[in-house]
Amino acid sequence: MDQYRIGTNCVQAGYRPGNGEPRQVPIIQSTTFKYDTSADMGKLFDLEASGYFYTRLQNPTNDYVAAKIAALEGGTAAMLTSSGQAANFFALFNICETGSHIVASSSIYGGTFNLLSVTMKKMGIDVTFVSPDASEEELNAAFRDNTRAMFGETIANPARTVLDIELFARVAHAHNVPLIVDNTFPTPVNCRPFEWGADIVTHSTTKYMDGHGAGVGGAIVDSGNFNWMAHPEMFPGLCTPDESYHGIIYAEKFGQGGAFITKATSQLMRDFGSIQSPQNAFYLNLGLESLHVRMPRHVENAEAAAEFLEAQPEVTFVNYPGLPGNKYYERARKYLPHGGCGVVTFELKGGRKAAEAFMKELRLVAIETHVADARSCCLNPATSTHRQLTEEQLKEAGVPAGLIRLSCGLEDKEDLIADLRQALKAAAGAMD
Ligand SMILES: *Cc1c(COP(=O)(O)O)cnc(C)c1O
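If you're matching positions, the sequence shown starts at 22 in this note's numbering and goes up one per residue.
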């Protein structure tokens with residue numbers, strides 16, 4: 022399907038029905054699959070033949086949808102996971118083990134920050150966080166002999182920093198490790214990290230890919246560009262025999278384009294069991310069919326909201342990389358020429374009290390712990406996700422008390438702005 026453009030792939034890639042078969046992706050709501058002989062089934066367990074035997078590892082519905090995401094990112098193989106958290110954990114744990122080290126951008130989703138700094142640390146995997154604005158020298162200095170992966174987010178949630186993918190990829194490759202990029206916010210419609218040198222891409226499909234707040238999910242895509250066998254001693258999981266499958270070597274048997282996803286499926290899915298349900302994969306596919314139509318509208322609404330907010334006296338600053346004057350404006354133009362996504366953050370004069378008063382007055386925009394779906398929503402980190410932090414700590418984290426994260430949905434921008442305007446006016450008293 023990669024001879025087609027991205028919109029055509031959003032609609033049609035992955036599932037190609039044969040004569041008389043269902044037009045829509047069938048939901049294979051079955052935990053197991055039937056075989057005529059145990060010899061047939063044995064070949065699957067030995068990874069000698071490809072096929073399905075148990076939905077904890079693989080399911081045809083999921084594979085159709087994963088194949089579509091692989092086509093959208095321009096990768097060689099992909100898998101769905103039960104959540105974005107599972108996708109990032111699997112992508113890293115597939116090549117890291119006790120004693121390994123990861124270099125990661127410090128500007129990433131809070132859940133991923135916690136996964137790296139607390140949970141994976143307990144597993145004996147160390148992390149060094151680097152600024153997304155670090156120089157090549159500073160990035161190089163973060164690497165150690167045991168570093169096995171570099172990690173960042175194309176557009177960070179919620180800090181909205183833009184990753185210099187080309188620079189991060191160059192540094193990762195100089196140290197013979199892959200660059201893993203979480204591409205949740207822009208989606209492949211607005212940025213394809215493989216084109217800038219990333220090796221593995223992850224997604225929380227819960228966000229724009231699903232796009233309707235219907236199902237939690239994740240995805241991992243392999244570019245097929247990273248040569249694991251160039252340094253087999255660094256990636257023993259891919260380059261030395263797996264005794265749980267009669268000594269196969271993934272990088273040999275499944276090649277550069279298939280080894281990473283096959284190993285993550287046959288080992289990590291087998292052992293951790295974080296598969297996406299086929300029903301959720303079906304919903305995800307419905308979302309993907311309109312992703313190329315929805316993303317430009319999210320961007321249009323976010324740009325309009327950012328421009329409106331920037332001109333209001335009650336607003337101290339607006340953070341949207343597409344705004345001229347934003348610290349990441351030039352980088353956004355390079356990596357996100359069609360815009361990034363629908364999320365804008367801004368700070369109100371009057372801090373926490375003003376934010377609460379403003380949000381109470383909103384009629385269209387709902388208060389939610391979510392971003393990136395069809396309905397606009399917002400959140401004040403100081404009174405929700407970051408509520409345990411003191412005023413001082415909030416400032417240090419770059420999350421001032423009056424900060425609001427606004428996720429612009431697909432409504433008419435005039436109505437969205439009218440809602441923001443009336444809420445600003447109604448809450449004006451709290452902003453003096
Ligand atoms: C939401 C999010 C995640 C976590 O995904 P879940 O589907 O909630 O597990 C990871 N990365 C980014 C950038 C996110 O926005």
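Even glycine gets a Cβ: it sits at the ideal position worked out from N, Cα and C.
The shortest CA-to-CA distance from Val-148 to any of Gly-234, Gly-308, Asn-135 is the one to Asn-135. In the DSSP assignment, Met-62 is bridged to no other residue.
Check the Cα spacing between Arg-384 and each of Cys-117, Val-392, Arg-396: the tightest is with Arg-396. Taking a C-beta distance under 8 Å as the contact criterion, Leu-400 and Glu-412 do not qualify as a contact pair.
Rounded to whole angstroms, the separation of the alpha carbons of Asp-243 and Glu-324 is 32 Å. With the rule of 3 Cβ pairs closer than 8 Å, the region 198-218 does not count as touching the region 57-68. Within the same chain, Ser-104, Thr-227 come within 6 Å of Val-237 by CB-CB distance, once the 5 residues on both sides are set aside. The three-state secondary structure of Cys-398, taken from DSSP, is strand. Relative to ligand 1, Phe-206 has its C-beta within less than 7 Å of a heavy atom. Of the residues Lys-89, Lys-348, Ser-51, Glu-382, the one whose Cα lies closest to the Cα of Tyr-25 is Lys-89.
Taking a 10 Å sphere around the C-beta of Glu-377, we find 16 or more other C-beta atoms and assign the residue as buried. If you check the CB distance, Met-171 and Phe-150 do not come in under 8 Å. If you ignore the 5 residues before and after Lys-374, its C-beta comes within less than 8 Å of the C-beta of Ala-451, all in its own chain and listed in chain order. When the beta-carbon positions are compared, Gly-371 and Gly-430 stay at least 8 Å from each other. In this model, Glu-321 and Lys-434 are separated by some 8 Å (Cα to Cα). Phe-111 sits buried, since 16 or more C-beta atoms from the chains shown fall within 10 Å of its C-beta. Counted as a single uninterrupted DSSP element, the beta strand (DSSP E) harbouring Gly-239 occupies residues 239-243. Not one heavy atom of ligand 1 sits closer than 7 Å to the Cβ of Gln-297.
Note that the region 302-311 touches the region 75-95; at least 3 beta-carbon pairs, one per stretch, sit closer than 8 Å. It is roughly 21 Å from the alpha-carbon of Gly-278 to the alpha-carbon of His-196. DSSP, reduced to helix, strand and coil, places Tyr-75 within a strand of the structure shown.
Boundaries for Ile-282: no beta strand (DSSP E) harbours it, while the alpha helix (DSSP H) harbouring it runs 276-284, taken from the DSSP string. Within the region 130-170, the runs of beta strand (DSSP E) at least 3 residues long that lie entirely inside it are, in chain order, 147-151.
Per DSSP, Leu-312 lies in no beta strand (DSSP E); the unbroken alpha helix (DSSP H) holding it starts and ends at 312-331. Between the region 31-41 and the region 250-258 there are fewer than three C-beta pairs closer than 8 Å, too few to call the two in contact. Relative to ligand 1, even the nearest heavy atom lies 7 Å or more away from the CB of Tyr-85. Here Asp-292 is exposed: its Cβ has fewer than 16 other Cβ atoms, across all protein chains shown, within 10 Å.
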